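Trainee: I have a structure I would like to understand better, so I am pasting it below and will then ask my questions one at a time.
2 protein chains.
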Amino acid sequence: MRSPDPARTLAAQLADAVPGQHVVLEGHVHRRRELAKVSFLILRDRTGLAQVVLRPDEIPAEGIPTEETVVRIVGVVAANAQAPGGVEVVSPVIEMLSEPARTPIVELWRPSLDATLPTLLDHAAVTWRHPAQRAKWELTAASLRGFRRTLDAAGFTEIHTPKIVDTITESGANVFPVDYFGKTAYLAQSPQFYKQQLVGVFERVYEVGPVFRAEPHDTVRHLAEYRSLDVEFGFIRDHRDVLAQLGEVLGGMLDSICSEGAGALDLLDVALPAIPEEIPVVHFRDALRIVGAPDDEPDLAPAHERALGDWARERYGSDVLAVEGYPMRKRPFYTHPQPDDERWSNSFDLLFRGLELVTGGQRLHRHSDYVSAIEARGESPSAYAAYLDAFAHGMPPHGGFAIGLERWVARLLEASNIREVTLFPRDLHRLTP
Amino acid sequence: MRSPDPARTLAAQLADAVPGQHVVLEGHVHRRRELAKVSFLILRDRTGLAQVVLRPDEIPAEGIPTEETVVRIVGVVAANAQAPGGVEVVSPVIEMLSEPARTPIVELWRPSLDATLPTLLDHAAVTWRHPAQRAKWELTAASLRGFRRTLDAAGFTEIHTPKIVDTITESGANVFPVDYFGKTAYLAQSPQFYKQQLVGVFERVYEVGPVFRAEPHDTVRHLAEYRSLDVEFGFIRDHRDVLAQLGEVLGGMLDSICSEGAGALDLLDVALPAIPEEIPVVHFRDALRIVGAPDDEPDLAPAHERALGDWARERYGSDVLAVEGYPMRKRPFYTHPQPDDERWSNSFDLLFRGLELVTGGQRLHRHSDYVSAIEARGESPSAYAAYLDAFAHGMPPHGGFAIGLERWVARLLEASNIREVTLFPRDLHRLTP
Chain A
1 MRSPDPARTL AAQLADAVPG QHVVLEGHVH RRRELAKVSF LILRDRTGLA
51 QVVLRPDEIP AEGIPTEETV VRIVGVVAAN AQAPGGVEVV SPVIEMLSEP
101 ARTPIVELWR PSLDATLPTL LDHAAVTWRH PAQRAKWELT AASLRGFRRT
151 LDAAGFTEIH TPKIVDTITE SGANVFPVDY FGKTAYLAQS PQFYKQQLVG
201 VFERVYEVGP VFRAEPHDTV RHLAEYRSLD VEFGFIRDHR DVLAQLGEVL
251 GGMLDSICSE GAGALDLLDV ALPAIPEEIP VVHFRDALRI VGAPDDEPDL
301 APAHERALGD WARERYGSDV LAVEGYPMRK RPFYTHPQPD DERWSNSFDL
351 LFRGLELVTG GQRLHRHSDY VSAIEARGES PSAYAAYLDA FAHGMPPHGG
401 FAIGLERWVA RLLEASNIRE VTLFPRDLHR LTP
Chain B
434 MRSPDPARTL AAQLADAVPG QHVVLEGHVH RRRELAKVSF LILRDRTGLA
484 QVVLRPDEIP AEGIPTEETV VRIVGVVAAN AQAPGGVEVV SPVIEMLSEP
534 ARTPIVELWR PSLDATLPTL LDHAAVTWRH PAQRAKWELT AASLRGFRRT
584 LDAAGFTEIH TPKIVDTITE SGANVFPVDY FGKTAYLAQS PQFYKQQLVG
634 VFERVYEVGP VFRAEPHDTV RHLAEYRSLD VEFGFIRDHR DVLAQLGEVL
684 GGMLDSICSE GAGALDLLDV ALPAIPEEIP VVHFRDALRI VGAPDDEPDL
734 APAHERALGD WARERYGSDV LAVEGYPMRK RPFYTHPQPD DERWSNSFDL
784 LFRGLELVTG GQRLHRHSDY VSAIEARGES PSAYAAYLDA FAHGMPPHGG
834 FAIGLERWVA RLLEASNIRE VTLFPRDLHR LTP
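Chains as they are written, first to last, in this note's numbering: chain A, 1 to 433; chain B, 434 to 866.
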């Protein structure tokens, strides 16, 4: 079989090359500096940067290609303590693989990008090439690997469930209608109903996929399409088992980030969060007292969440805090009540650095409880027939959670806007690129 | 921290239990058999089946719970050479975790399901519980792990790209419109444009995600929503490098299936496909001759594909065959032509057991080539402005492929209908469950 990378040396492999060795480098021209006596070309490939040195007689007739031109360079390895990795490439012969590039809208070679967020987003295909931008997504990819690795090891099965659905899962307000062969369908707001049904099949399931929310407000923490890391599993005692599994998963994501994203963490100067093995928990009722809100407040406002984040940091040295027991009347119908006081629920939100990152909890599992809960909200169980079928045929006590992937990375990097860590964000105003 | 599975023994762990040991089992009642002298309850959990034996005085007053009821059983391990794994559980105390189940529409305890496909699909939440159904999806999940593992090891970065888009990628005919905050948007037919742009960022990328095709025909091999395993990477010589990478990926998927899906393979009696390390290749021109089609035929009909599948089996002992060089006029505008004869393309389809499974190839990479190709089709490059931005700023020679996940498993299992291996299929007539 043909080797996919014939004779190519990656930038990160240069440090191991022997001085005098011939190498082939391929990548983008990251930076060129033409000086009187010597010129430099910094090459960027998927593993990093490599320094190429040109004597005046080695410069091509048409000059060193402009930044972002794609080149193939054959040269000789030379030791140079000043060069990145202690090695550079001399006596280069440069071949252009694509025509000289148009001048980028931003100077990608600068250590940090001097551009507004709209500029970054409008030119995403180019601005993500900046090493600091790219590093953000590398942490996202490492998080995904840690998420899956943790759950695979715990006997979970990966599932994929439909994104075009005929019923509205979460609320009627923020749903996108789809013209489905002339009928009206909807984009799934979450895989909630499907992941629960599949607990009856696989007992432990997870899904990584897009979810869609027609958020009518333009905020720094909402997207119209985002990636939800969904987990659901059976044979739990209550929501505290769900929270324990969430702790394992977040720990696994952090482990991957540290082991596979070390370079990106350095480049971005990330302060790693403190996520204790046992996540601290506070009851919603007590959370209201801590932030000085009235006893009958039905939900936590963003300012409350921030205050609780500070409190958890001071009290437990923790960047995460679970608030359990949210009032039943604010939770979806499938939420399991707190057994000793049914005003409260066996559900939780996880605050990460003072912002809601995860919603989770125990669900109802008895068919009769579903019928009552749906009727109590003035709806008809027949509208949920396919979903309820699973419960009519025996379902274990179960629960689960959903992590917003972009939110996780945004808070990890303390980004001021979730769009900074999203490759091609979708929102009220943005449908392209 | 609380242990998530307190004291629970899984069915697969019973074989290692010591006779006389007390165990806690949890799962669904898979089968009950009440005989005069002794009764049996077969318990099903995520790892398999366990046999529980009840003496007449051990049967609960209300009888043994019906099939699919969820139970917790405390009992004692006993050796019995007749039992699965040589071990059974005696002296059981049964606790019902959910109310007795409604009688399932199918008898899940029978070795094979005696039900029509519409019945299986209409009651998917229950019918997927059958061990043979479940095994199909276990092979899907194993395939996904093998796909990612192979690409992670080869330096690829996982990406996630928007599923709501403003332009139509593949063709105007089979697209689903979305009402996007009052504007018309579309569901992505493929991540093609995005994965190419991101080759400029990460050099090697992959995505596992839903794609949407408003297929107006009801066939056994098309779905309106399916999972596409997309790969794209830079610094290739031509489409043959793409094909070599595809071979690695398919090999990795098969490896995972064999190592992690051994039980499922056995249960389903799967004949493993022969996928040679070097995938055999035939040019489109020669493929027409082999199947006896006219020289000017622009595409391969399903009957041609089947004939080529047979030919590859006989000639190479291979279940896969790559047909390269498809006529340019039948390929999308971003396709790279064959350098020595521009009527043909540097693209391929991979036939798996005589059915198209993968489309791939080399793409154009020069900005000027894109402008010409788009204009030659009578379109305006300005309609592709965001996409073309990447090429205006230097893109390496690149290519990639897309594998249809459900099609892969359907052909692996020689299923007669792709819906047999899809958890909750979507098609012209099916939007629920």
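Ideal Cβ placement from N, Cα and C applies to all residues, glycine included.
Please read these numbers as outputs of a predicted model, since none were measured by experiment.
Could you check what DSSP says for phenylalanine 824(B) in three-state terms: helix, strand or coil?
Mentor: Helix, per DSSP.
Trainee: Between the alpha carbons of proline 397(A) and valine 664(B), how many angstroms are there, rounded?
Mentor: Spanning the two alpha carbons is a distance of roughly 39 Å.
Trainee: Cα separation between proline 760(B) and proline 111(A)?
Mentor: The alpha-carbon atoms of proline 760(B) and proline 111(A) are separated by roughly 46 Å.
Trainee: How about the segment 544–559 of chain B and the segment 508–528 of chain B: do they share at least three Cβ pairs that are nearer than 8 Å?
Mentor: Touching, no.
Trainee: So, does the CB of aspartate 752(B) fall closer than 8 Å to a CB anywhere in chain A?
Mentor: Not one chain A Cβ lies under 8 Å of aspartate 752(B).
Trainee: Are the C-beta of serine 372(A) and some C-beta of chain B separated by less than 8 Å?
Mentor: False, the Cβ-Cβ gap to chain B never drops below 8 Å.
Trainee: Is glycine 400(A) close to chain B? Criterion is C-beta to C-beta, closer than 8 Å.
Mentor: Closer than 8 Å: no.
Trainee: Chain A beta carbons: is any one of them nearer than 8 Å to that of histidine 800(B)?
Mentor: Taking Cβ atoms only, chain A reaches closer than 8 Å to histidine 800(B), which makes this a yes.
Trainee: Taking 8 Å as the cut-off, does the segment 173–191 of chain A touch the segment 210–222 of chain A (at least 3 CB pairs, one atom from each stretch)?
Mentor: Enough Cβ pairs lie closer than 8 Å, so yes.
Trainee: Look up phenylalanine 868(B) in the DSSP assignment and say whether it is helix, strand or coil.
Mentor: For residue 868(B) there is no data in the structure shown, the boundaries of chain B being 434 and 866.
Trainee: Give me the residue from Gln771(B), Glu459(B) and Gly508(B) with the minimum Cα distance to arginine 673(B).
Mentor: For the residues Gln771(B), Glu459(B) and Gly508(B), the minimum Cα distance to arginine 673(B) belongs to Gln771(B).
Trainee: Does the count of Cβ pairs from the segment 194–204 of chain A and the segment 387–403 of chain A closer than 8 Å reach three?
Mentor: Yes: the two stretches touch, three or more of their Cβ pairs being nearer than 8 Å.
Trainee: Residues bridged to aspartate 238(A) by DSSP?
Mentor: Bridge partners of aspartate 238(A): none, in fact.
Trainee: Can you grab the Cα-Cα spacing for the pair glutamate 435(A) / glycine 694(B), in whole Å?
Mentor: No statement about residue 435(A) is possible, as the shown extent of chain A runs from 1 to 433 and does not include it.
Trainee: Report the neighbours of glutamine 630(B) on chain A: residues whose CB is nearer than 7 Å to its CB, in chain order.
Mentor: Within 7 Å Cβ-Cβ: Ala125.
Trainee: Quick check on leucine 721(B): buried or exposed, where buried means 16 or more other Cβ atoms within 10 Å of its Cβ?
Mentor: Leucine 721(B) comes out buried.
Trainee: Hey, could you find the ends of the alpha helix (DSSP H) leucine 701(B) is sitting in?
Mentor: Leucine 701(B) -> alpha helix (DSSP H) spans 695–701.
Trainee: Rounded to a whole number of angstroms, what is the C-alpha to C-alpha distance between arginine 796(B) and alanine 101(A)?
Mentor: In a straight line, the C-alpha of arginine 796(B) is about 18 Å away from that of alanine 101(A).
Trainee: Closest to glutamine 678(B) by CA distance: which of Ala483(B), Asp449(B), Ile538(B) and Gly588(B) is it?
Mentor: It is Gly588(B).
Trainee: Which bits of chain B does lysine 136(A) rub up against, with CB to CB less than 8 Å?
Mentor: In chain order: nothing, as chain B lies at least about 11 Å away.
Trainee: I'd like to know whether the C-beta of methionine 761(B) is nearer than 8 Å to at least one C-beta of chain A.
Mentor: With 8 Å as the cut-off, methionine 761(B) does not count as an interface residue toward chain A.
Trainee: On the DSSP letters alone, give me the boundaries of the alpha helix (DSSP H) that lysine 628(B) sits inside.
Mentor: Unbroken alpha helix (DSSP H) run through lysine 628(B): 625–635.
Trainee: Can you give me, in chain order, the residues of the segment 17–42 of chain A that have a beta carbon less than 9 Å from any beta carbon in chain B?
Mentor: Correct list: Glu26, Gly27, His28 and Val29.
Trainee: Starting from the Cα of glycine 481(B), find the closest Cα among Val510(B), Glu495(B), Glu491(B) and His461(B) and give me that residue.
Mentor: Checked all of Val510(B), Glu495(B), Glu491(B) and His461(B); the closest Cα to glycine 481(B) is His461(B).
Trainee: Do you know how far the Cα of alanine 469(B) is from the Cα of valine 486(B)?
Mentor: When rounded, the distance between both Cα atoms is 13 Å.
Trainee: Name, in chain order, the residues that DSSP records as bridge partners for alanine 657(B).
Mentor: Answer is none; alanine 657(B) lacks a bridge partner.
Trainee: Which bits of chain A does serine 618(B) rub up against, with CB to CB less than 8 Å?
Mentor: Looking at the sequence shown, residue 618(B) is not serine but alanine. Going along chain A in sequence order, the residues near alanine 618(B) (Cβ under 8 Å) are Leu431.
Trainee: Closer than 9 Å by beta-carbon distance: list the chain E residues that pair up with histidine 336(A), in chain order.
Mentor: Looking at the structure shown, chain E is missing, and the protein chains on hand are A and B.
Trainee: Would a C-beta distance cut-off of 8 Å place glycine 453(B) and valine 509(B) closer than the cut-off?
Mentor: Yes, the pair counts as a contact, with Cβ atoms nearer than the cut-off.
Trainee: How big is the Cα-Cα spacing for valine 703(B) and leucine 846(B)?
Mentor: The straight-line gap from Cα to Cα measures roughly 6 Å.
Trainee: Using a Cβ-Cβ distance cut-off of 8 Å, determine whether arginine 578(B) contacts chain A.
Mentor: Output row for arginine 578(B): interface = yes.
Trainee: With C-beta atoms as the reference, is serine 256(A) less than 8 Å away from glycine 146(A)?
Mentor: A contact, by the Cβ cut-off of 8 Å.
Trainee: According to the Cβ coordinates, are histidine 304(A) and serine 531(B) closer than 8 Å?
Mentor: No, they are not a contact pair.
Trainee: In the structure shown, what three-state DSSP assignment does tryptophan 344(A) receive?
Mentor: In the structure shown, tryptophan 344(A) sits in a strand (DSSP, three-state: E or B).
Trainee: Does any residue of chain B have a CB that is nearer than 8 Å to the CB of tyrosine 384(A)?
Mentor: Chain B contact via Cβ: absent.
Trainee: Do valine 126(A) and alanine 115(A) have their CB atoms nearer than 8 Å?
Mentor: Not a contact, by the Cβ cut-off of 8 Å.
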